[in-house]
Amino acid sequence: MSSREKHLVELVDETGKAHGETTVAAAHQPPGQLHRAFSVLLMDPDGQVLLQRRAAAKTRFPLRWANSCCGHPQPGESLAEAANRRLSEELGAGPVELTEVGIYVYYAEDPATGRVEFEYDHVLRGEFLPGAPLLPDPDEVAELRWADPTALEAELSLDPRSYAPWLGGVVNRLLRPSGSRSGATGPVMTPPGSSADDTAERSGGR
Numbered sequence: 471m472s473s474r475e476k477h478l479v480e481l482v483d484e485t486g487k488a489h490g491e492t493t494v495a496a497a498h499q500p501p502g503q504l505h506r507a508f509s510v511l512l513m514d515p516d517g518q519v520l521l522q523r524r525a526a527a528k529t530r531f532p533l534r535w536a537n538s539c540c541g542h543p544q545p546g547e548s549l550a551e552a553a554n555r556r557l558s559e560e561l562g563a564g565p566v567e568l569t570e571v572g573i574y575v576y577y578a579e580d581p582a583t584g585r586v587e588f589e590y591d592h593v594l595r596g597e598f599l600p601g602a603p604l605l606p607d608p609d610e611v612a613e614l615r616w617a618d619p620t621a622l623e624a625e626l627s628l629d630p631r632s633y634a635p636w637l638g639g640v641v642n643r644l645l646r647p648s649g650s651r652s653g654a655t656g657p658v659m660t661p662p663g664s665s666a667d668d669t670a671e672r673s674g675g676r
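Per our numbering, the very first residue in the sequence shown carries number 471; after that it's consecutive.
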């Protein structure tokens, strides 16, 4: 078990209210425990989004394309702190200002590893400056590429097995930040502050 699998995550109900904690490993064992997570989408000035292909060593959905960075805030850690910590660890990027564009609650089972994702996922948008360095950790990231988010949404429908099951909902929140049931666009966040008032939307995953 990797050291990150022993980290603590915050257990929440379907409104996002915290009610306990457990380890990353325990939260992702079937049948899964709903916990707080975040998905970061880094955007360049042309509107392209940075995607990462998850490394083969990942315990959940390895070698699938996903958003720029994912992770879990530890109990008591703000979303901005946690997201910028993971941007640094996974991509060698950041810190960046982050805007919450929605919340996506989903459940997905990984047929390859037997692990479960059951997450109250805060979708965060960050601006990527041209020329900023990226130093991806090969234990986390197999590959990087830029994609047009509208075209990506179409690709997700045509070839869902190439992508992490949460990516469709994450891209939906990016493209429709005020039109989904998750509510209005959240505030700009810079470490260490954050807040969220969005209502959860349940999805069966993919």
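Backbone N, C-alpha and C define an ideal beta-carbon position, used for all residues, glycine too.
- Within the model, the alpha-carbon separation for Pro565 versus Asp516 is close to 20 angstroms.
- Only buried fits Ala507, as 16 or more other CB atoms lie within 10 angstroms of its CB.
- Between the region 595 to 602 and the region 555 to 570, the count of C-beta pairs closer than 8 angstroms reaches three or more; the two stretches touch.
- Measuring C-alpha to C-alpha distances from Thr529 to each of Glu475, Pro500 and Ala563 identifies Glu475 as the nearest.
- The region 573 to 593 and the region 526 to 541 touch, with three or more beta-carbon pairs separated by less than 8 angstroms.
- Around the beta-carbon of His489, fewer than 16 other beta-carbon atoms lie within 10 Å, marking it exposed.
- Distance from Val510 to Asn537 at the Cβ level is roughly 6 angstroms; contact confirmed, criterion being Cβ atoms closer than 8 angstroms.
- Comparing alpha-carbon positions, the option among Ala634, Glu551 and Leu521 lying closest to Asp618 turns out to be Leu521.
- Secondary structure note for Leu614: its beta strand (DSSP E) is the uninterrupted segment Val611 to Ala617.
- Checking the DSSP bridge columns, you'll see Leu520 partnered with Trp616.
- Partner residues in a beta bridge of Phe531, as assigned by DSSP, do not exist.
- For Gly584, no beta strand (DSSP E) encloses it, and the DSSP letter there is neither H nor E.
- Secondary structure of Ser548 (DSSP, three-state): coil.
- If you ignore the 5 residues before and after Arg534, its C-beta comes within less than 6 angstroms of the C-beta of Arg524, Tyr633 and Ala634, all in its own chain and listed in chain order.
- Rounded to whole angstroms, Asp629 and Glu579 show a C-alpha spacing of 17 angstroms.
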